[in-house]
């Protein structure tokens, strides 16, 4: 089974099915074990705009919106030095078609995403998660092995670094497989509370001219 509890933490292990995600909801904290491939702007454009296939199979696996720092050891051996997630919103316009074509199951990045990703997660059974910012070295330590590198001509940040990870996280689920969006729901809640507080404060300082 792809979902397990390890030391009290919910861990997803690739390959992951839609069924595995049915009890995972926005705001949950999960960890990832198995296959994770870095995948940023250019790779998304190649898949969606140019109709190219990724050279690594990510069906039922995970991608990370990140441009890592890699230390090579010889020609085909690599060490992950730092891997801080990049802003996921840059991939928003591509994500529906990208998920549809690749079958990726878990998307990890920084910050929220919107309607295209919500729709993709809902229709194809995927989730988007956020890795806490400022922990790029911690994230690199959770990479057990850099298995392979594809499209190296794009440069280090845009290369597809196919990795094996163990207990990669903590990951906060921002969009679940039902299409619910944690960031957007919290914005509504925040704005409601903000208006209430503005009215309360204004009533208290209304005497100031």
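Residue numbers (the numbering used here): 1307 to 1515. Virtual Cβ for every residue (Gly too), placed ideally from N, Cα, C.
In three-state terms, what does DSSP make of residue i?
i, result
"residue 1460", "helix"
"residue 1327", "helix"
"residue 1471", "strand"
"residue 1272", "Any question about residue 1272 goes unanswered here, given that the chain covers just 1307 to 1515."
"residue 1484", "coil"
What's the call for residue i, buried or exposed, on a 16-neighbour Cβ count within 10 Å?
i, result
"residue 1333", "exposed"
"residue 1366", "buried"
Taking residue i as part of the beta strand (DSSP E), name the residues at either end of that continuous run.
i, result
"residue 1401", "From DSSP, residue 1401 is part of no beta strand (DSSP E) but of the alpha helix (DSSP H) over 1398 to 1408."
"residue 1345", "Careful: residue 1345 lies outside any beta strand (DSSP E) and carries neither H nor E."
"residue 1377", "1375 to 1378"
"residue 1415", "1412 to 1415"
"residue 1367", "Looking at the DSSP string, residue 1367 is not in any beta strand (DSSP E), and its letter there is neither H nor E."
I'd like to check one pair, residue j with residue i: are the Cβ atoms closer than 8 angstroms?
i, j, result
"residue 1483", "residue 1433", "yes"
"residue 1479", "residue 1330", "yes"
"residue 1477", "residue 1436", "yes"
"residue 1473", "residue 1448", "yes"
"residue 1376", "residue 1467", "yes"
"residue 1392", "residue 1346", "yes"
"residue 1390", "residue 1445", "yes"
"residue 1439", "residue 1420", "no"
"residue 1342", "residue 1318", "no"
Starting from residue i, trace the alpha helix (DSSP H) in both directions and tell me its first and last residue.
i, result
"residue 1428", "1421 to 1430"
"residue 1444", "1442 to 1447"
Could you tell me whether the Cβ of residue i comes closer than 8 angstroms to any Cβ of chain D?
i, result
"residue 1330", "Of the chains in the structure shown, none is chain D; there is only one protein chain."
*asked:* With three or more beta-carbon pairs closer than 8 angstroms as the criterion, would you say the segment 1398 to 1416 touches the segment 1458 to 1466?
replied: Contact check between the segment 1398 to 1416 and the segment 1458 to 1466: fewer than three CB pairs, one atom from each, fall below 8 angstroms, which does not count as touching.
*Any contact of the segment 1343 to 1350 with the segment 1417 to 1434, i.e. 3+ C-beta pairs under 8 angstroms?*
With a cut-off of 8 angstroms, the segment 1417 to 1434 and the segment 1343 to 1350 do not count as touching, because too few Cβ pairs lie within range.
*Between the segment 1488 to 1495 and the segment 1389 to 1406, are three or more C-beta pairs nearer than 8 angstroms?*
No, the segment 1488 to 1495 does not touch the segment 1389 to 1406.
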